[in-house]
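>
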Amino acid sequence: MLDMKWVREHTDEVAAMLLNRNYNFPLDKFVELDALRRETLLEVEALKEKRNAGAKEVGMKKKAGENADALMEEMRLIGEKVKELDEKVAGIEAELQDLAMRIPNRPHSSVPVGADENDNVEIRRHGTPRRFTFEPKPHWDLGEPLGIMDFERGVQLAESRFTVLKGAGARLERALMNFMLDLHTTQHGFTEIAPPILVNTTTMSGTGQLPKFAEDLYRCANDDLWLIPTAEVPLTNLHAGEILNESDLPKYYCAFTPCFRREAGSYGRDMRGMLRQHQFDKVEMVKISTPEKSYDELEHMTNCAEKVLQLLGIPYRVICLCTGDMGFGAAKTYDIEVWLPSQNCYREISSCSNCEDFQARRMGTKYRPANGGKPRFVHTLNGSGIAIGRCLIALMENYQNEDGSITVPEALRPYAGGLEVVK
RNA sequence: GGAGAGGUGGCUGAGUGGUCGAAGGCGCUCGCCUGGAAAGUGAGUGAACGGCUUAUCCCCGUUCCAAGGGUUCAAAUCCCUUCCUCUCCGCCA
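Here's what the structure looks like:
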């Protein structure tokens with residue numbers, strides 16, 4: 014959520030920002046409603062002031078043994094008017110709040126302006142895609158013969174976009190999880206968290222998944238609970254409603270969790286294999302920072318995600334998303350894309366974003382500056398560190414051998430019981 | 001799920017209809033005291049929204065004692081609903 018005052022005083026800038034993001038938003042209605050809110054508030058507050066003074070006077074008269082009937086009647090009438098106006102204000106505020114929650118974050122000035130993914134800017138590449146002496150297979154043609162991936166049974170147990178991992182497939186999934194968690198906790202200073210995977214509506218709204226993106230989420234119909242689409246949600250909300258001390262910052266959290274996404278609107282895309290699943294595992298990183306440090310923290314967090322791929326020896330590139338391709342709550346986003354030989358292109362495996370104070374304002378997370386000033390909103394960052402399912406795919410495809418076996422990267426072997434080759 | 005107790009400021013803890021944003025204590029900030037520190041001592045110490053304003057300073061107003069609703073001229077205090085915590089019982093990985 015943006016600062017309402019700022020929006021009010023910078024409507025031109027907001028309109029331009031919405032345009033850059035390809036966003037359709039009724040800004041005129043918002044401005045109009047905001048003015049009406051203040052106007053009505055002024056009216057009702059004046060009446061309340063009168064009523065408060067009157068009530069006090071009634072008290073004093075009664076104590077003095079005087080008759081206060083006329084005054085009480087007058088205050089009763091004011092009370093009725095107040096109630097009426099209070100309801101009006103509440104209605105306006107609810108509508109205004111709902112609108113405000115649907116305005117996307119403002120991109121940082123360093124973000125390239127562009128319409129879609131074609132305007133994203135490549136920042137750097139690492140590793141050289143391997144030159145195969147044979148035709149590299151897609152992961153589904155590797156996984157099924159090896160007996161480590163079962164797509165049919167995934168569908169049978171749930172529906173399409175679910176996969177069963179078996180034997181070495183499941184083992185590698187678990188190895189990757191432990192490898193990434195150990196790296197981030199022991200080398201990068203993150204505190205490991207095991208959070209709830211079901212969260213309530215307030216939590217889901219804090220990070221911006223609600224109210225706008227309910228269609229993308231799985232919901233528990235009998236409870237006010239939703240399945241998380243990423244551990245960003247519980248991790249970032251860990252300090253919702255709190256005022257932290259500056260000395261407590263920055264906070265580094267990471268967690269392994271399954272993630273659940275309905276993938277509404279992606280019918281037909283990446284239907285084969287397990288590139289795009291309704292359920293997938295991920296190690297997520299979250300940072301809570303002061304505004305001054307948040308962009309340095311973004312660079313560092315992106316490096317932490319890259320380190321995973323570097324150690325596994327998988328080629329990747331880092332791109333900076335343009336204004337039109339960025340997510341709702343992000344002010345700046347780096348995507349990390351891994352090389353997939355079967356597709357002959359780079360595919361997203363991690364997304365690292367600085368949300369600045371966008372989520373903090375929704376959650377109510379502030380910090381008290383060390384110099385004792387007023388509490389300020391923190392900046393929040395999140396990044397995949399990294400998506401495990403896609404990492405498994407990338408590993409399989411990049412490390413495949415001509416006979417269909419897969420060499421396990423050395424860095425992973427200690428986590429896979431010494432397994433060197435899956436065959 | 002059943003029975004009971006309770007949810008007040010950064011913490012602790014008073015407050016059962018009126019001048020209570022809320023006593024006392026702790027903590028914190030500033031000052032005094034001290035060679036310095038402790039102890040002692042004096043003062044201060046919440047947030048949101050709106051108005052005023054060059055100003056996120058002041059000042060003024062409104063709101064906030066788990067959340068939402070109700071009663072009343074007036075609610076932290078009375079009533080209802082929900083949520084949460086604790087104790088006991090039941091159930092359970």
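Each residue of the first sequence is one higher than the one before, counting from 14 in our numbering.
Think of the CB as a built atom: it goes at the ideal place given N, C-alpha and C, for glycine as much as any other residue.
#1: Can you name the residues that DSSP bridges to residue 269?
#2: Along the alpha helix (DSSP H) that carries residue 101, what are the first and last residues, could you check?
#3: Going by beta carbon distance, what residues of the same chain come within less than 7 Å of residue 38, once the five residues before and after it are set aside?
#4: Please list the terminal residues of the continuous beta strand (DSSP E) segment that includes residue 240.
#5: Extract the residue ranges of the alpha helix (DSSP H) inside the region 107-168, only unbroken runs of 4 or more that lie entirely within it.
#6: What residues in its chain sit with their C-beta under 7 Å from that of residue 168, if we drop five residues either side in the sequence?
#7: Thinking residue 249 and residue 208 are a contact (beta carbons under 8 Å), I'd like their distance in whole angstroms, please.
#8: Along the chain, which unbroken stretches of the beta strand (DSSP E) at least 3 residues long are found entirely within the region 378-408?
#9: Once the 5 residues before and after residue 344 are set aside, which same chain residues still bring their CB inside 8 Å of it?
#10: Using 8 Å as the threshold, is the C-beta distance between residue 381 and residue 256 below it?
#11: Applying the criterion that 16 or more other CB atoms from any shown protein chain within 10 Å of the CB defines a buried residue, is residue 349 buried or exposed?
#12: Buried or exposed for residue 200, please, with buried defined as at least 16 other CB atoms from any protein chain shown within 10 angstroms of its CB.
#13: With distances taken from CA atoms, which of 288, 264, 86 is nearest residue 202?
#14: Grab the span of the alpha helix (DSSP H) containing residue 303 for me, first residue to last.
#15: By a C-beta neighbour count over all protein chains shown, 10 Å radius and 16 as the cutoff for buried, is residue 500 buried or exposed?
#16: Going by DSSP, name the residue or residues bridged to residue 347.
#17: Just checking, does the region 125-132 make contact with the region 48-67 on the three C-beta pairs under 8 Å criterion?
#18: For residue 91, I'd like the list of residues in its chain whose CB is within less than 8 Å of its CB, leaving aside the five on either flank, ordered along the chain.
#19: Less than 8 Å between the beta carbons of residue 332 and residue 133, yes or no?
#20: Looking at C-alpha atoms only, which residue of 386, 397, 352 is the closest neighbour of residue 138?
#21: Taking the alpha carbon of residue 222 as the point to measure from, which residue in 245, 233, 402 has its own alpha carbon closest?
#22: Compute the beta-carbon to beta-carbon distance between residue 317 and residue 197, rounded to the nearest angstrom, for a pair I have assumed lies under 8 Å.
#23: Who pairs with residue 212 in a beta bridge, going by DSSP?
#24: Are the beta-carbon atoms of residue 98 and residue 24 separated by less than 8 Å?
#25: Flag this pair as touching only if the region 316-330 and the region 414-427 have three or more C-beta atom pairs under 8 Å; answer yes or no.
#26: Quick one: what's got a C-beta closer than 6 Å to residue 140's C-beta in the same chain, skipping five residues either side?
#27: DSSP three-state label for residue 359, please.
#28: Just list the residues that DSSP pairs residue 317 with in beta bridges.
#29: Whole angstroms is fine: what's the gap from residue 360's alpha carbon to residue 394's?
#30: Check whether the Cβ atoms of residue 27 and residue 40 lie closer than 8 Å to each other.
#31: Please return the same chain residues whose Cβ sits closer than 6 Å to the Cβ of residue 189, not counting the five positions on each side in sequence.
#32: Quick one: residues in its chain with C-beta nearer than 8 Å to the C-beta of residue 42, no 5 flanking neighbours on either side, listed in chain order?
#33: Tell me the DSSP bridge mates of residue 65?
#34: Can you tell me where the beta strand (DSSP E) with residue 204 in it begins and where it stops?
#35: From the DSSP output, which residues share a beta bridge with residue 323?
#36: Using only alpha-carbon positions, find the residue among 374, 159, 309, 399 that is nearest to residue 18.
Well, looking at it:
#1: For this step, residue 269 is matched to residue 256 along the first sequence. Residue 269 is bridged to 296.
#2: Locating residue 101 in the first sequence gives position 88, counting from the first residue. Residues 82-113.
#3: The sequence position of residue 38 within the first sequence is 25, counting from 1. 31, 115, 116, listed in sequence order.
#4: As a first step, residue 240 is located in the first sequence; it is residue number 227 there, counting from the start. From DSSP, the beta strand (DSSP E) with residue 240 extends over 238-240.
#5: 152-159
#6: For the purposes of this step, residue 168 is taken as residue 155 along the first sequence, with counting starting at 1. Within the same chain, residue 168 has close Cβ partners 175.
#7: In the first sequence, the residue the question calls residue 249 occupies position 236. In the first sequence, the residue the question calls residue 208 occupies position 195. Not a contact, Cβ separation roughly 10 Å.
#8: 379-381, 392-400, all fully within the region 378-408.
#9: Translated into the one-based positions of the first sequence, residue 344 becomes position 331. Around residue 344: 118, 119, 120, 121, 124, 366, 367, 368, 369, 371.
#10: Position 368 of the first sequence holds residue 381. Position 243 of the first sequence holds residue 256. Result yes, Cβ atoms of residue 381 and residue 256 sit closer than 8 Å.
#11: In the first sequence, residue 349 corresponds to position 336, counting from 1. Classification of residue 349: buried, given that the 10 Å Cβ count is 16 or more.
#12: The residue you call residue 200 lines up with position 187 of the first sequence. With fewer than 16 Cβ atoms within 10 Å of its Cβ, residue 200 is classed as exposed.
#13: In the first sequence, residue 202 corresponds to position 189, counting from 1. Nearest C-alpha to residue 202: 264.
#14: The sequence position of residue 303 within the first sequence is 290, counting from 1. Neither: residue 303 is in no alpha helix (DSSP H) and is coded neither H nor E.
#15: This structure cannot speak to residue 500, because the chain is shown only from 14 to 436.
#16: Counting from 1 along the first sequence, the entry for residue 347 is found at position 334. 333, 365, per the DSSP bridge assignment.
#17: Too few Cβ pairs lie closer than 8 Å, so no.
#18: Taking the first residue of the first sequence as 1, we reach residue 91 at position 78. Excluding residues within five positions, the ones whose Cβ falls inside 8 Å are 60, 63, 64, 67.
#19: Looking up residue 332 in the first sequence gives position 319. Looking up residue 133 in the first sequence gives position 120. Note that the C-beta distance between residue 332 and residue 133 is below 8 Å.
#20: On the first sequence, residue 138 is found 125 positions in, with the first residue counted as 1. Of 386, 397, 352, the residue nearest in Cα terms is 352.
#21: On the first sequence, position 209 is the one that residue 222 refers to. It is 245.
#22: One-based indexing of the first sequence puts residue 317 at position 304. One-based indexing of the first sequence puts residue 197 at position 184. 6 Å between Cβ atoms; contact.
#23: The count along the first sequence starts at 1 and reaches residue 212 at position 199. Paired residue(s): 239.
#24: Here residue 98 corresponds to residue number 85 of the first sequence, with the count starting at 1. Here residue 24 corresponds to residue number 11 of the first sequence, with the count starting at 1. Cβ atoms of residue 98 and residue 24: not closer than 8 Å.
#25: yes
#26: Position 127 of the first sequence, counted from the first residue, corresponds to residue 140. Spatial neighbours of residue 140 in its own chain (CB-CB distance under 6 Å, excluding positions within 5 residues in sequence) are listed in chain order as 328.
#27: Start at 1 with the first residue of the first sequence, and residue 359 comes out as number 346. Strand.
#28: One-based indexing of the first sequence puts residue 317 at position 304. Its beta-bridge partners do not exist; DSSP assigns none.
#29: One-based indexing of the first sequence puts residue 360 at position 347. One-based indexing of the first sequence puts residue 394 at position 381. Spanning the two alpha carbons is a distance of roughly 22 Å.
#30: The sequence position of residue 27 within the first sequence is 14, counting from 1. The sequence position of residue 40 within the first sequence is 27, counting from 1. The Cβ atoms of residue 27 and residue 40 lie closer than 8 Å to each other.
#31: Position 176 of the first sequence, counting from 1, holds the residue named residue 189. The residues are 401, 404.
#32: The residue given as residue 42 occupies position 29 in the first sequence. 112.
#33: Taking the first sequence and counting its residues from 1, one reaches residue 65 at position 52. BP columns for residue 65 are empty, so no partner.
#34: In the first sequence, counting from the first residue as 1, residue 204 sits at position 191. Note, residue 204: beta strand (DSSP E), 204-206.
#35: Translated into positions along the first sequence, residue 323 becomes position 310. Answer by DSSP bridge pairing: none, since residue 323 is not bridged.
#36: In the first sequence, the residue the question calls residue 18 occupies position 5. Of the listed residues, the one whose Cα sits closest to residue 18 is 374.
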